[in-house]
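In what follows, a single structure is set out as structure tokens and then discussed.
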Amino acid sequence: MPELIFEKSRPGAGSFTMATGGQDFGGLAPRCPSTLLREKAPALPELPEGEVVRHYVGLSTLNHHVDKDFYPLGSCTMKYNPKINDALALLPGFTALHPEQPEAEAQGALRLLVELGEGLCEVSGMDAVTLQPVAGAHGELTALFMIRAYHEARGHARRKVVIPDSAHGTNPASITMAGYEVVQVKSAPDGCMDLEALKAVLDEDTAAFMITNPNTVGIFERHIVEIIQLVHEAGALCYMDGANLNALLGIVRPGDLGFDIMHINLHKTFSVPHGGGGPGAGPLVVKERMAPYLPGPLPVRKGDAFGWQDAHPQSIGQVHAYFGNFGALVRAHAYLRRLGAQGLRRVAENAIINANYVRAALQDIYRLGFAGTPLHEVVFSAANQKKLGFKASHIAKRLLDFGMHAPTTYFPLIVPEALMVEPTETENRATLDRFIAAMRQIHQECVEGNPLLESAPNLTPVRKLDDVRAVKQPRLRWRPEAAGDASHTA
Ligand SMILES: Cc1ncc(COP(=O)(O)O)c(C=O)c1O
Numbered sequence: 001m002p003e004l005i006f007e008k009s010r011p012g013a014g015s016f017t018m019a020t021g022g023q024d025f026g027g028l029a030p031r032c033p034s035t036l037l038r039e040k041a042p043a044l045p046e047l048p049e050g051e052v053v054r055h056y057v058g059l060s061t062l063n064h065h066v067d068k069d070f071y072p073l074g075s076c077t078m079k080y081n082p083k084i085n086d087a088l089a090l091l092p093g094f095t096a097l098h099p100e101q102p103e104a105e106a107q108g109a110l111r112l113l114v115e116l117g118e119g120l121c122e123v124s125g126m127d128a129v130t131l132q133p134v135a136g137a138h139g140e141l142t143a144l145f146m147i148r149a150y151h152e153a154r155g156h157a158r159r160k161v162v163i164p165d166s167a168h169g170t171n172p173a174s175i176t177m178a179g180y181e182v183v184q185v186k187s188a189p190d191g192c193m194d195l196e197a198l199k200a201v202l203d204e205d206t207a208a209f210m211i212t213n214p215n216t217v218g219i220f221e222r223h224i225v226e227i228i229q230l231v232h233e234a235g236a237l238c239y240m241d242g243a244n245l246n247a248l249l250g251i252v253r254p255g256d257l258g259f260d261i262m263h264i265n266l267h268k269t270f271s272v273p274h275g276g277g278g279p280g281a282g283p284l285v286v287k288e289r290m291a292p293y294l295p296g297p298l299p300v301r302k303g304d305a306f307g308w309q310d311a312h313p314q315s316i317g318q319v320h321a322y323f324g325n326f327g328a329l330v331r332a333h334a335y336l337r338r339l340g341a342q343g344l345r346r347v348a349e350n351a352i353i354n355a356n357y358v359r360a361a362l363q364d365i366y367r368l369g370f371a372g373t374p375l376h377e378v379v380f381s382a383a384n385q386k387k388l389g390f391k392a393s394h395i396a397k398r399l400l401d402f403g404m405h406a407p408t409t410y411f412p413l414i415v416p417e418a419l420m421v422e423p424t425e426t427e428n429r430a431t432l433d434r435f436i437a438a439m440r441q442i443h444q445e446c447v448e449g450n451p452l453l454e455s456a457p458n459l460t461p462v463r464k465l466d467d468v469r470a471v472k473q474p475r476l477r478w479r480p481e482a483a484g485d486a487s488h489t490a
């Protein structure tokens, strides 16, 4: 591991000097009450500016990221984000805008929000939108509050929300946080919903049915129209978790299928960077009957101009300060405008082709989680390799030695030893071939019992972690007294 900046520190080496009392900085000297002043100087590292810059640039190259190499983390859609979108989000007209700027002075930004909302409605086949939620899970929670408000307005709040057992973890978490009971339905052997099992749990106490489509095993729900019909017949609402929307863009519109409400992870489908802690955005698109419950204020057209409209009296209220993560919304708008209808369709087609290219090239050695043709991601099971003594986690960690990120492991929970690969549409054939070759070599190593699998990752800056200790005793802060204790790495 490289040294921490504290370990590199040399007394007196710092090149930055702070003027002390007595200097007035042209009348701008900080007027801090003496009672609030420190008695002892803080223990900050001391290094010349050049070394500080190199230190942090060095750190930035240690972590894996999508600009470094392949990142097939299933369900997360770690695709390449065009840099032009970042440049647009950084235009001073956007970055210097205050959220309380009068409407007349923020016409460009308001127009962008209105047009992005219209674009998302068009793409999804929905009627109205809120751009406020700042993550997929935040969109889910907002939707569930709206679902509650919808049923309460009809005199019966209802009690439960139904999900398949393949649901992403945030779904049951959001349902519970919204005060609903989670009812889980077992999937059929083909990875899709078991219709009879669904029918058995739908009743007048069901507030909503929540499903990801294509589902979390990458398969399009074959009976989706029938499912939506059944749910509506029970008086419940249909919620689509739109995290996998990049498989449907320009091909299928969830609103046309009959969904009432859906969140979209702009930080997946619409090329907003994520995964490194960057801000995301989880707008909600809804059908007309859900529109009164949307959070406000809403950006709207006012004749030829743009402005804010107060929320409807039945609104659930605001779910984020001001208007959401504006920078993420700028990036998504740029992406949508750049691609247009034809480009969006190509996104979905290429995402599907890439996943199936990987499936076809590896299914002879890695067992498929489910038979059939997946859409934008493919779930393998390392069951064959487990028989040879190596688990999905060995394979995932060994892949890091090839300079690639691991696939998602052990999710979805319904596939034993799951390895979920989402290549995304932005990878070319040469990269996919390199990944396939690495996965085949790793399988061969399993056959031969290669010790590199046990010790992997062997070539990363941080070697194999003790996973249990890393979770139970995380060391999140450097303390001088603990320095030198490297016992969290095995
Ligand atoms: C299917 C699905 N639903 C919901 C989410 C939650 O989205 P977020 O991480 O933006 O909260 C994810 C995230 O990976 C997901 O894959």
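For the sequence shown, position 388 (counting from the first letter as 1) is numbered 388 according to the numbering used here, and the numbering increases by one without interruption. Think of the CB as a built atom: it goes at the ideal place given N, C-alpha and C, for glycine as much as any other residue.
Within 10 Å of its beta-carbon, does residue i have 16 or more other beta-carbons around it, so buried, or fewer, so exposed?
i       : result
Gly-303 : exposed
Asp-433 : exposed
Ala-13  : exposed
Pro-11  : exposed
Gly-50  : exposed
His-192 : The sequence shown places Cys at residue 192, not His. Buried, since its Cβ has 16 or more Cβ neighbours within 10 Å.
Asp-241 : buried
Ala-104 : exposed
Ser-487 : Residue placement at Ser-487 cannot be trusted, given a pLDDT of 39 that sits under 50; the coordinates are not used to answer.
Ala-430 : exposed
Ile-84  : exposed
Val-123 : buried
Val-471 : exposed
Ser-166 : buried
Glu-417 : buried
Gly-93  : exposed
Ala-490 : Bear in mind that a pLDDT of 31 at Ala-490, under 50, signals an unreliable position, so the model cannot answer this.
Gln-309 : exposed
Val-447 : exposed
Asp-485 : Only weak support is given to the placement of Asp-485: the predicted model assigns it a pLDDT of 47, under 50, and the question is left unresolved by the model.
His-96  : Looking at the sequence provided, one finds Ala at residue 96 rather than His. Result: exposed.
Can you find a C-beta in chain B that's less than 9 Å from the C-beta of residue i?
i       : result
Gln-309 : In the displayed structure, chain B is absent; only one protein chain is listed.
Report yes if the C-beta of residue i is less than 8 Å from at least one heavy atom of ligand 1; otherwise report no.
i       : result
His-312 : no
Glu-7   : no
Glu-140 : yes
His-405 : no
Cys-76  : yes
Asn-265 : yes
His-376 : no
Asn-428 : no
Ala-208 : no
His-168 : yes
Pro-327 : According to the sequence provided, residue 327 is Gly. The question's Pro does not apply to it. Gly-327: no, Cβ never under 8 Å from ligand 1.
Ala-243 : yes
Gly-282 : yes
Asn-246 : no
Thr-130 : no
Asn-171 : yes
Thr-216 : yes
Thr-212 : yes
Comparing alpha-carbon positions, which option in the options lies nearest residue i?
i       : options                               : result
Ala-456 : Ile-395, Val-447, Phe-411 and Pro-407 : Ile-395
Thr-408 : Pro-42, Phe-380 and Val-129           : Phe-380
Glu-377 : Tyr-71, Leu-88 and Asn-63             : Tyr-71
Ala-351 : Val-52, Val-286 and Val-421           : Val-421
Thr-426 : Asn-246, Val-447, Gly-58 and Val-57   : Asn-246
Thr-61  : Ala-418, Trp-478 and Val-462          : Val-462
Ala-207 : Gly-169, Ala-153 and Asn-244          : Ala-153
Leu-399 : Leu-413, Gly-324 and Leu-419          : Leu-419
His-263 : Lys-387, Ala-236 and Pro-133          : Pro-133
Leu-198 : Leu-230, Ala-96 and Leu-131           : Leu-230
Val-508 : Val-57, Gly-58 and Cys-76             : The requested residue 508 is not part of the displayed model; the chain covers only 1 to 490.
Leu-329 : Arg-477, Lys-391, Pro-279 and Val-415 : Pro-279
Gly-169 : Glu-46, Leu-413, Tyr-322 and Lys-391  : Leu-413
Val-161 : Pro-451, Phe-209 and Ala-200          : Phe-209
Phe-323 : Pro-45, His-64, Pro-82 and Glu-100    : Glu-100
Ile-163 : Asp-190, Glu-288, Asn-81 and Asp-194  : Asp-194
Would the C-beta of residue i count as close to ligand 3, meaning under 8 Å from any of its heavy atoms?
i       : result
Ala-135 : By its list of ligands, the structure shown excludes ligand 3, since it contains just ligand 1.
| request: Within the region 393–469, note down every full beta strand (DSSP E) run reaching 3 residues or more, in order along the chain. | output: 418–421
| query | What are the start and end residues of each continuous beta strand (DSSP E) run of 3 or more residues lying completely inside the region 305–391, in chain order? | reply | 305–309 and 378–381
| Quick one: complete alpha helix (DSSP H) runs, 4+ long, within the region 111–170? | 136–153
| Mind pulling the alpha helix (DSSP H) runs of 4 or more residues that sit fully within the region 64–115? | 83–89 and 92–95
| request: Counting only runs of 4+ residues fully inside the region 216–259, write out the alpha helix (DSSP H) ranges in chain order. | output: 224–233 and 254–257
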